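> Per this note's numbering, the sequence shown runs over residues 469 to 1008.
Positions of the beta carbon are idealized from the N, C-alpha and C atoms, including for glycine.
The structure presented is a predicted model; accordingly, all values stated were derived computationally and were not measured.
Let me give you the structure first, and then I'll get to my questions.
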Amino acid sequence: NVSPAITPHGDKVAYITDERGYQEIRLISAIDGKKIKTLVKGQQSESFEELHFLRPGMSFSPDGRKLAFTAKSGAWDAIYIVDIQTTKTKKYLMKLDGAFTTAWAPNGKYIAFVGNKDGQSDIYVYDLESDSLIQMTNDVFTDDQPSWSPDGKYLLFVSDRKDYVDDSQLPTDFKMSDFDFEKRDVYQIEFATRTITRITNTPWEEQYPLFSPDGKKIVYISDQNGIYNVYVLDRTTGKNYPITNLISGAVQIGFDADASKMVFTSFYEGGFDIYLLNNPLEQAPVDTLIPTQLVVEMNQKHLPEYAREWQPRTKKPSEKEDKPREALKTKPVKDYSRFVFTRENLERNKKNMEPEEPVELPREVYQAESGEYKVRKYKIKFSPDIVTGTAGYNTFFGVQGYTTLAFSDLLGDHKIIANVNLISDLRNSDLTFYYMNLKHRWNFGIGGYHLAYLFLRADVGLTRYRNYGLNFLVSYPFSRFRRMDFSFVWYNVNLEYLQLPIPTERVQTILPGASYVYDDVLWGYTGPVSGSRYSISTLL
């Protein structure tokens, strides 16, 4: 249960849940938490293929009658608006690489959201009246989680840009790979001028900023003590203070119009749930948040240098020390399977854990004459995904065994699957072997099979059917749920009489075929548990 959004009147809450297996958007009462209705069923159609469960964010219209959210819709992401009374939806297709986290403006004319384009994550605003897209930020930094000011003149968001609020501040030799983007701070951007102002400047992670109704305070989430808690920043005094002291943290906060209710997500008993806090801005400041052990150890100055390398970095790219790129540090290969990771053992084994001396690599090995790093061709290397097997001995059939082997490469473009059901000898055994190439939109594969069936007939005694042949398969997916399969099978059947001297009967043919397949099944531990699937096939 994630991504809560509360209506401006504070009477209803919408959220995303996977309680029935599929993702869906539900509407519940903010008074007693009872379900009102399901607004959208996801993961069962191309329109709502995925509700961005990992990067959610929904927002109600100012009158509370409609809900905006993003979803994967075919080849693109779209902003959807659903009427909470009729559950009818309207789609606004965003031809971007991704669209996430909507925020409806107070005047009802605009919807701010996060858009991904060409590897950049920026803040966009969609104009509902003119059907136009406004790009608010356009740089290499990651911008996320926008929210509007009460007057609609400003947007809050989080970013890893540090002090680079303008492109003109970037050094000419700036490289994102050398930049410390571990932590995000809160920023404000003016809608009319696109002027960015940094709001927080801390070594911690800030998330989900919101304006108070009067605009004088900003509520956000921070991990100052190692756990995400809700903080309030008084813009008049510049002081900030926590108003929650949670063990499992809070994320995805949201207000109603007068900030009398705040909803958020928190982890409890193995799952995420939706919580509501009344009058959050009237909460007394929490005196002290006890830091987690991780934060305590990060702040201790007496740690040896090798144990402090992972502390948060505070230097800007220009302040970092240059290191020779010819040197490649090699880590010692040691067995830590029985090592107890305590401070005492770390201190005691300091010498053994220190890295080995750098190994010098000639520059021409990894760098071209132009100064660019060399691009090496990807090499296919298979690794096992599944290896299972059983073996036994039967006094009548002899040696028996079954095994399944599945291999794939690093990118998942190539798959090999083999099944062997051994019964006495190969003529009685079931064997299948398939190779699939999934690198392109058109998938193809080739495989072979041998299937044996033993029957005892009253007229001729024990007989054996042996089916064997080769399969050629081509598949084209229209979407996650629909595809066309084309097959070409070289089909052989042998009927063998094992107890009488009757010649073996043989049938051989070639069977081309095509199938239209639909499948939105949800799999569980024992097999399909929900959904539907069907296939319409023809053989020529």
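Need the endpoints of the beta strand (DSSP E) that Y632 sits in, please.
Working through the sequence shown from its first residue, we reach residue 632 at position 164. Per DSSP, Y632 belongs to no beta strand (DSSP E) and is neither H nor E.
> Determine which residues share a DSSP beta bridge with T661 and list them.
Start at 1 with the first residue of the sequence shown, and residue 661 comes out as number 193. According to DSSP, which records beta bridges pairwise, T661 is partnered with nothing at all.
> I'd like to know if the segment 619 to 629 and the segment 530 to 550 are in contact, where contact means that at least 3 CB-CB pairs between them fall below 8 Å.
The answer is no - the segment 530 to 550 does not touch the segment 619 to 629, with fewer than three Cβ pairs under 8 Å.
> Touch check for the segment 608 to 619 and the segment 681 to 698: three-plus C-beta pairs under 8 Å?
These segments touch.
> Please report the straight-line C-alpha distance between K707 and V582, rounded to a whole angstrom.
For the purposes of this step, residue 707 is identified with residue 239 of the sequence shown, where counting begins at 1. For the purposes of this step, residue 582 is identified with residue 114 of the sequence shown, where counting begins at 1. Each residue's alpha carbon lies about 29 Å from the other.
> What do you reckon, are the CB atoms on K577 and I552 nearer than 8 Å?
Translated into the one-based positions of the sequence shown, residue 577 becomes position 109. Translated into the one-based positions of the sequence shown, residue 552 becomes position 84. It is not a contact, given that the beta carbons lie outside the stated cut-off.
> Kindly indicate which three-state DSSP category D646 falls into: helix, strand or coil?
Position 178 of the sequence shown, counted from the first residue, corresponds to residue 646. In the structure shown, D646 sits in a helix (DSSP, three-state: H, G or I).
> Q603 and Y594 look like a contact to me (Cβ under 8 Å); what is the Cβ gap, rounded to whole Å?
Locating residue 603 in the sequence shown gives position 135, where the first residue counts as 1. Locating residue 594 in the sequence shown gives position 126, where the first residue counts as 1. About 11 Å separates the two Cβ atoms, so there is no contact after all.
> According to DSSP, is R811 part of a helix, a strand, or is it coil?
By 1-based counting over the sequence shown, the position of residue 811 is 343. Helix at R811.
> Can you say whether I715 is buried or exposed, counting buried as having 16 or more other CB atoms within 10 angstroms of its CB?
Within the sequence shown, the letter at position 247 stands for residue 715. I715 should be labelled exposed.
> Whose C-beta lies closer than 6 Å to the C-beta of G532 among residues of the same chain, with five residues either side of it excluded?
Residue mapping note: residue 532 aligns to position 64 of the sequence shown, counting from 1. Contacts found: T475, P476, H477.
> With a threshold of 16 other CB atoms inside 10 Å of the CB of L878, please say whether the residue is buried or exposed.
The residue you call residue 878 lines up with position 410 of the sequence shown. So L878 ends up on the exposed side.
> Out of curiosity, what's the CA-to-CA distance linking E973 and V957?
Residue 973 sits at position 505 when you count from the first residue of the sequence shown. Residue 957 sits at position 489 when you count from the first residue of the sequence shown. The alpha-carbon atoms of E973 and V957 are separated by roughly 20 Å.
> Determine contact between the segment 482 to 495 and the segment 511 to 529, defined as no fewer than three beta-carbon pairs at a distance below 8 Å.
These segments touch.
> Does the Cβ-Cβ distance between L894 and A886 come in under 8 Å?
Taking the first residue of the sequence shown as 1, we reach residue 894 at position 426. Taking the first residue of the sequence shown as 1, we reach residue 886 at position 418. Not closer than 8 Å, so no.
> What is the DSSP secondary structure of R488, counted as helix, strand or coil?
Numbered from 1 along the sequence shown, position 20 holds the residue referred to as residue 488. If DSSP states are grouped into helix, strand and coil, R488 belongs with coil.
> Going by beta carbon distance, what residues of the same chain come within less than 7 Å of N747, once the five residues before and after it are set aside?
Your numbering for residue 747 matches position 279 in the sequence shown. These residues qualify, in order along the chain: S728.
> Could you have a look at M526 and say whether DSSP puts it in helix, strand or coil?
Mapped onto the sequence shown, residue 526 falls at position 58. It is coil, neither helix nor strand.
> Report the residue from Q692, S805, K585, E737 whose alpha carbon sits nearest the alpha carbon of G566.
Against the sequence shown, residue 566 aligns to sequence position 98. Among Q692, S805, K585, E737, the Cα nearest to that of G566 belongs to K585.
> If we call anything under 8 Å between Cβ atoms a contact, is F659 one with L623?
Numbered from its first residue, the sequence shown carries residue 659 at position 191. Numbered from its first residue, the sequence shown carries residue 623 at position 155. Yes.
> Less than 8 Å between the CB atoms is what I'm expecting for G722 and A473, so what's the real figure, rounded?
If you number the sequence shown from 1, residue 722 lands on position 254. If you number the sequence shown from 1, residue 473 lands on position 5. With a Cβ gap of about 6 Å, G722 and A473 count as contacting.
> M766 by DSSP, collapsed to three states: which one?
Sequence index remark: in the sequence shown, residue 766 carries index 298 (1-based). Helix at M766.
> Can you round the beta-carbon distance between I667 and V633 to whole angstroms, since I take them to be within the 8 Å contact cut?
As a position in the sequence shown, residue 667 is number 199, starting the count at 1. As a position in the sequence shown, residue 633 is number 165, starting the count at 1. About 11 Å separates the two Cβ atoms, so there is no contact after all.
> Less than 8 Å between the CB atoms is what I'm expecting for F949 and D898, so what's the real figure, rounded?
For the purposes of this step, residue 949 is taken as the residue at position 481 of the sequence shown. For the purposes of this step, residue 898 is taken as the residue at position 430 of the sequence shown. With a Cβ gap of about 31 Å, F949 and D898 do not count as contacting.
> Which residue's Cα is closest to the Cα of Y736: V470, L1008, I1004?
Here residue 736 is taken as the residue at index 268 of the sequence shown, counted from 1. The shortest C-alpha separation from Y736 is found at V470.
> Does the beta-carbon of T810 have 16 or more other beta-carbons within 10 angstroms, so that it is buried, or is it exposed?
Translated into the one-based positions of the sequence shown, residue 810 becomes position 342. T810 is exposed by the Cβ-count criterion.
> Determine the burial state of V508: buried for a count of at least 16 other Cβ atoms within 10 Å of its Cβ, exposed for fewer.
Walking along the sequence shown from the start, residue 508 turns up at place 40. Burial call: buried.
> Under three-state DSSP, which class holds Q761?
Taking the first residue of the sequence shown as position 1, residue 761 is located at position 293. Helix.
> In this structure, what does DSSP give as the bridge partners for W958?
As a position in the sequence shown, residue 958 is number 490, starting the count at 1. DSSP output for W958 lists L938, I978 as bridge partner(s).
> What's the gap between the Cα of F679 and the Cα of V687?
Position 211 of the sequence shown holds residue 679. Position 219 of the sequence shown holds residue 687. Distance between the alpha carbons of F679 and V687 is about 6 Å.
> Between which residues of its own chain and P785 is the CB-CB distance below 8 Å, once the five residues before and five after are set aside?
Counted from its first residue, the sequence shown places residue 785 at position 317. For P785, the predicted model reports a pLDDT of 41, less than 50, meaning its position is unreliable; a value from the coordinates is still stated below. The answer, listed in chain order, is P639, F642, K643, D646, F647, D648.
> List the endpoints of the continuous beta strand (DSSP E) containing Y834.
Start at 1 with the first residue of the sequence shown, and residue 834 comes out as number 366. No beta strand (DSSP E) contains Y834, which is instead part of the alpha helix (DSSP H) from 831 to 834.
> Straight-line CA distance for S734 to T506?
Stepping through the sequence shown from its first residue, residue 734 is reached at position 266. Stepping through the sequence shown from its first residue, residue 506 is reached at position 38. About 22 Å.
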